[in-house]
Structures are given as structure tokens and as C-alpha cells.
Amino acid sequence: MDLKSTKGSPVLADRAPINKSRLGIHSSLLPCSQSGQSFSTAVPSIPRKKPGKLDDVCSNGWLDAMKSSSPPRKKVLKDFNFADLVPDDGETAYESWKIRYPSALNSFRTISTRARNRKIVVFLDYDGTLSPIVDDPDRAFISDDMRSAVRSVAEHFPTAIISGRSRDMVFRLVGLTELYYAGSHGMDIIFPGRDIVSRNNVNCVKSTDEEGKEINLFQPAREFLPMIDEVFAKLVETCKDIKGAKVENHKFCASVHYRNVDQENWHIIAQYVHDILKDYPRLRLTHGRKVLEIRPVINWDKGKAVEFLLESLEHGIAGFSNCDDVLPIYIGDDRTDEDAFKVLKKRNCGYGILVSAVTKESNAFFSLKDTSEVQDFLESLVKMAQGDATKNGASRKSSEYDTKKN
Ligand SMILES: [Mg+2]
Numbered sequence: 026m027d028l029k030s031t032k033g034s035p036v037l038a039d040r041a042p043i044n045k046s047r048l049g050i051h052s053s054l055l056p057c058s059q060s061g062q063s064f065s066t067a068v069p070s071i072p073r074k075k076p077g078k079l080d081d082v083c084s085n086g087w088l089d090a091m092k093s094s095s096p097p098r099k100k101v102l103k104d105f106n107f108a109d110l111v112p113d114d115g116e117t118a119y120e121s122w123k124i125r126y127p128s129a130l131n132s133f134r135t136i137s138t139r140a141r142n143r144k145i146v147v148f149l150d151y152d153g154t155l156s157p158i159v160d161d162p163d164r165a166f167i168s169d170d171m172r173s174a175v176r177s178v179a180e181h182f183p184t185a186i187i188s189g190r191s192r193d194m195v196f197r198l199v200g201l202t203e204l205y206y207a208g209s210h211g212m213d214i215i216f217p218g219r220d221i222v223s224r225n226n227v228n229c230v231k232s233t234d235e236e237g238k239e240i241n242l243f244q245p246a247r248e249f250l251p252m253i254d255e256v257f258a259k260l261v262e263t264c265k266d267i268k269g270a271k272v273e274n275h276k277f278c279a280s281v282h283y284r285n286v287d288q289e290n291w292h293i294i295a296q297y298v299h300d301i302l303k304d305y306p307r308l309r310l311t312h313g314r315k316v317l318e319i320r321p322v323i324n325w326d327k328g329k330a331v332e333f334l335l336e337s338l339e340h341g342i343a344g345f346s347n348c349d350d351v352l353p354i355y356i357g358d359d360r361t362d363e364d365a366f367k368v369l370k371k372r373n374c375g376y377g378i379l380v381s382a383v384t385k386e387s388n389a390f391f392s393l394k395d396t397s398e399v400q401d402f403l404e405s406l407v408k409m410a411q412g413d414a415t416k417n418g419a420s421r422k423s424s425e426y427d428t429k430k431n
């Protein structure tokens, strides 16, 4: 598989002077390196202070965003009498919502028709898409059946995972070498084999994997690595006394999970993060599902990663400008996936599929209710591909027979 050169080099929105040491190849660029979950004790001390006025986090909408970032999961009712089942307002609203975002399963015929004579490329988010959302992000495991479905999809179509997690972590969780991986919201992309990107793009470096095979890493935010490590350490120190808070280093971004934090203390987390970020104008905050994410201010997101991959895979199988030849399908559940949905929508190319059991505004085209439906959809793609293969095989045999006959 080859890559072609990319034009899409991200532009720093706020290019501050870069320390020379930051221009060198950071050890964490090496494939399968650790994502830096631990940190040096030499980190500058952080003045611990009580969260001040809440004006900052209230007025800038952080608290509202935190409260709405993930709806409460439905409670399982014990001794439920199905005879009493009547649609509640939520279910009625959801059914109405699906008129705007039809089920990708129910619309599969539409998708398969559109896929005729086009190359499908599959992009998958991880958390909430391939694995259920769980209280402990370290235990968000993909099921064997889902892994098998993803493996089968990758046998037929180029398939990439684009996750907010570090690339190493998502690879450890998925464990399939057949896929492309983009970690840190697309800021850390690994490519196999020979290519020409690294010769032309300052953000792409060559390396080797554990087996000594040549690979390419596209890392548009690599100069931010020391800064992210520094902020991660400060977040760990600052949030260590907040019960339930979990700070993670995803290499090119850091996150603070508050899913297990008492809601009364959310404002404290918000204020601490806000206070730390004030010293880092080149970092920004985004809201995920019960998680605050700190990311570099660069013009790069999951949407840009989708464009990059489509332009790069297999000599640019997509030639993204030519939607007559390619049908990208992006499945995701999070706000950060909206950047990818937007790209597909804007270019009227392929389908964004939102995974959601509740109503929400989205730039996706279709919807799926949960990870179980995602698995059904992936298996449908495989059956479609197998059917096509059978048909093509049959027509090939038929033409061979006709040739022999003549
Ligand atoms: Mg997700």
C-alpha cells in the first residue's frame, strides 16, 4: 500500500516560538511507545488553590456543556411488565428524531445501492461505537464478536479507527493489525510501508515497527508533546483530591473524566482546568462524553484526518474530490465525530452515521442506536461484500465458460 503526498498540512492557529529541543524527534514518536501515563516528578509545582469564583466556568458555558455532554443512561427496571409498555415522551421523540436521522440498518438498501461501483472506506470511532461507554475508561473493552465483525469488514474494505485515545492504547484494545489507526483525535496516524509523504511533509516521519517493517507516522501536533506532558502532570496534581476524577494522557491531548465525580464537584474540576489552561493559550478545551479534553490549537481534527486518509490510502483510492469512485462511511457517537460528519456532509460524499440512543443535533446522515446495531451494520457490510464477490465470481465463471464455448 502506498501513500501519495498530501497537500493538507495543518496550520498552527497560534504559532509561538518553538524551542529547538521540541523540533527533535521525540522518543514517543517511536511506534508502540507508551503514551506517557506516568510523569516526571520534576514538573513545576502547582499552587493549589481553592477554586475561585465560578464566574469563568459558568459564563463561558463549561458547566452547561458538562451537564449536557452525556445523557443519563436508562435505568433497568426490575419486574418490568411488558404489557404496560407504552411509548413515553422520550421514545416518541426518538422515533420522530429518526425521521431526520434514519436508521442505517433500515436504510441499508439505499447504502448498498449507492455503494455500487464505488469503493467503500470505513472509519470507526472506538468508545461508544465499538465498545460500550463504561464508568472506567480503562475497561472499555471491545467484544470478541465486534472484533470479529471489524476484522471481516477490513478484509473487504480499507478500515480505519479514529479515536480520541492514544494510538497505542486503541491498538492494544482493538488488537487488529489489518486496520489503520489514528489516535489523539486524528493527530497521530500510522501508515504501513513505503510512501512518499514523509519526503514532502514535515509532519510525517519514517520509523520501524516492532518487526522492523518500515512505517510512517503523521503527527501534525508533535511539537506539542512536551506541553501536553506538562499540562497532564499539572492536571494529575490538581485533580488528585477530587474523588472519581480520572486524568489521562493521550499523547497529543489530555483528558479529565468526570463520569464518576459527584455532580456537586463538577464546577471544581471545571475551574481547575480553566485555571491551568489560562497559562497555555496554544491549547484549547473540547467537551466529550463526561470528559474534558485539552488539545493543541491546530487546524486538525477527525474531519481532517478523514480527508488525509482518503487522499493517502492506496495511492489515494478516494481521490477525495471524486465522490463518484468512493463511498466513505464514518460511524461515531461523540461531539468530536461531528467534525468528520461535517466533512462528508459538506462534500456530499459518503455517509456519517451517529450512534445515539437519544435525540441530538448532528451532521450525520444516518443513525444507529447502540454498539449492538453498529455490529449488525458492520456484518451487513460484510454480507454485501461477500454477495458482490459471489456475483462477480459467478459472472467471471460465466464469461470464462462463454469464452471457452466460443
Ligand atoms: Mg466515541
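Take any residue in the sequence shown, count from 1 to its spot, add 25: that is its number in the working numbering.
The beta-carbon is built from N, C-alpha and C at its ideal position, and this holds for glycine as well.
The closest CA to that of ALA295, considering only THR263, ILE323, PRO306 and PHE277, is found on THR263. Of all alpha-carbon atoms in GLN411, THR138, ALA90 and LEU317, the one lying nearest the alpha-carbon of ASP349 is that of THR138. Distance from the C-beta of THR117 to the nearest heavy atom of ligand 1 is not below 7 Å.
Relative to ligand 1, the nearest heavy atom lies less than 7 Å away from the CB of ASP150. Here the alpha carbon of ASP401 sits roughly 12 Å from the alpha carbon of VAL178.
The way I'd put it, the stretch 229-242 does touch the stretch 198-216; three or more beta-carbon pairs between them come closer than 8 Å. Less than 8 Å separates the beta-carbon of ILE319 from that of CYS278. For HIS282, the uninterrupted beta strand (DSSP E) run begins and ends at 279-282, by DSSP.
By the CB criterion at 8 Å, HIS282 and LYS268 fall outside the cutoff.
With respect to the C-alpha of SER93, the residue from ALA246, THR384, HIS181 and MET252 having the closest C-alpha is THR384. Under the 10 Å beta carbon count, ALA389 is surrounded by 16 or more other beta carbons and is classified as buried. Closest in alpha carbon position to PRO321, among ASP358, GLY189, TRP291 and CYS229, is GLY189. If you check the C-beta of THR202 against ligand 1, you find no heavy atom less than 7 Å away.
According to the DSSP assignment, GLU363 belongs to the alpha helix (DSSP H) that extends over 363-371. In summary, ARG197 is exposed, with fewer than 16 beta-carbon neighbours lying within 10 Å of its beta-carbon over all protein chains present. The three-state secondary structure of CYS348, taken from DSSP, is coil. For SER392 against ALA129, the beta-carbon gap comes to about 7 Å, under 8 Å, which counts as contact. By the beta-carbon neighbour count (other beta carbons within 10 angstroms, threshold 16), GLY237 is exposed.
From the listed residues PRO251, ILE356, ALA185 and ILE354, the smallest Cα separation to GLY211 is found for ALA185. Closer than 7 Å to some heavy atom of ligand 1: that describes the Cβ of ASP358.
In the DSSP annotation of this structure, the continuous segment of the alpha helix (DSSP H) that includes SER177 starts and ends at 169-181. Relative to the non-hydrogen atoms of ligand 1, the Cβ of THR138 never comes closer than 7 Å to any of them.
The beta carbon of PHE249 is closer than 6 Å to those of PRO321 in its chain, skipping five residues each way along the sequence. Annotation: the continuous alpha helix (DSSP H) that includes CYS264 extends over 250-264. For LEU201, same chain residues with a beta-carbon under 6 Å away, outside a window of 5 residues either side, are ARG176 in chain order.
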